[in-house]
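K.L.:
So the sequence shown is residues 1 to 147, counted in my numbering.
Even glycine gets a Cβ: it sits at the ideal position worked out from N, Cα and C.
Bear in mind the structure is a predicted one, so any value in this text is a computation, not a measurement.
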Amino acid sequence: MSIEYRPIHYGSADYQQTLGLRDEILRRPWGHSIAEDDLSKEGDDLIYGAFDGDKLVGMAILQDDGTAYNRLRYMAVDSRYRRRGIGAAIAREFESRSKKAGKAGIRLMARTSVTAFYETLGYRLEGEAFVPGHIPVEHVMMVLHFS
Numbered sequence: 001m002s003i004e005y006r007p008i009h010y011g012s013a014d015y016q017q018t019l020g021l022r023d024e025i026l027r028r029p030w031g032h033s034i035a036e037d038d039l040s041k042e043g044d045d046l047i048y049g050a051f052d053g054d055k056l057v058g059m060a061i062l063q064d065d066g067t068a069y070n071r072l073r074y075m076a077v078d079s080r081y082r083r084r085g086i087g088a089a090i091a092r093e094f095e096s097r098s099k100k101a102g103k104a105g106i107r108l109m110a111r112t113s114v115t116a117f118y119e120t121l122g123y124r125l126e127g128e129a130f131v132p133g134h135i136p137v138e139h140v141m142m143v144l145h146f147s
């Protein structure tokens, strides 16, 4: 398996693959659809993917919302490709880019079932667990401080 990592252009065929992967992993299990999300501003974000040949097998989005911290969104890895370092590689790329941009760190919202993964990357819990309005699953805020 040779995985290639690269940015994905908003609206491209590769971007269309992100919609399918996000829908399958992050929305459908809870009876929702990625089509319900407002994705109109994603053209301003860094959309980054992991590819096995032409097939998207992992992705996430790095968003600069104008604060000291970038935001990691929509991390999703195909279930057949998990535990191979794909999510960690994407997170490390985002960490590197955020440091180069002079950011203080990265924040994210994660399902409580995946907090251990982010903790291995240095992220720490921030605040109490909550259930967001869009998915009926408990989430937490997490943060990675660079200093």
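Using only alpha-carbon positions, find the residue among Y48, H134 and R84 that is nearest to I8.
P.N.:
Y48
K.L.:
Measuring alpha carbon to alpha carbon, tell me which of R28, D64, R82 and A110 ends up nearest K100.
P.N.:
D64
K.L.:
Between which residues of its own chain and L21 is the CB-CB distance below 7 Å, once the five residues before and five after are set aside?
P.N.:
L56, M59, A76 and D78
K.L.:
Would you tell me roughly how many angstroms separate the C-alpha atoms of R71 and L108, rounded to the nearest one?
P.N.:
6 Å
K.L.:
Taking 8 Å as the limit between beta carbons, can you name the residues of its chain near V131, skipping five residues before and five after?
P.N.:
The residues are V137, E138 and H139.
K.L.:
Considering only residues of the stretch 30-101, which uninterrupted alpha helix (DSSP H) runs meet the minimum length of 4 residues and lie entirely inside it, listed in chain order?
P.N.:
86-100
K.L.:
At 4 residues or longer, and completely inside the stretch 108-143: list those alpha helix (DSSP H) runs for me, N to C.
P.N.:
115-120
K.L.:
From the DSSP output, which residues share a beta bridge with Y5?
P.N.:
A50
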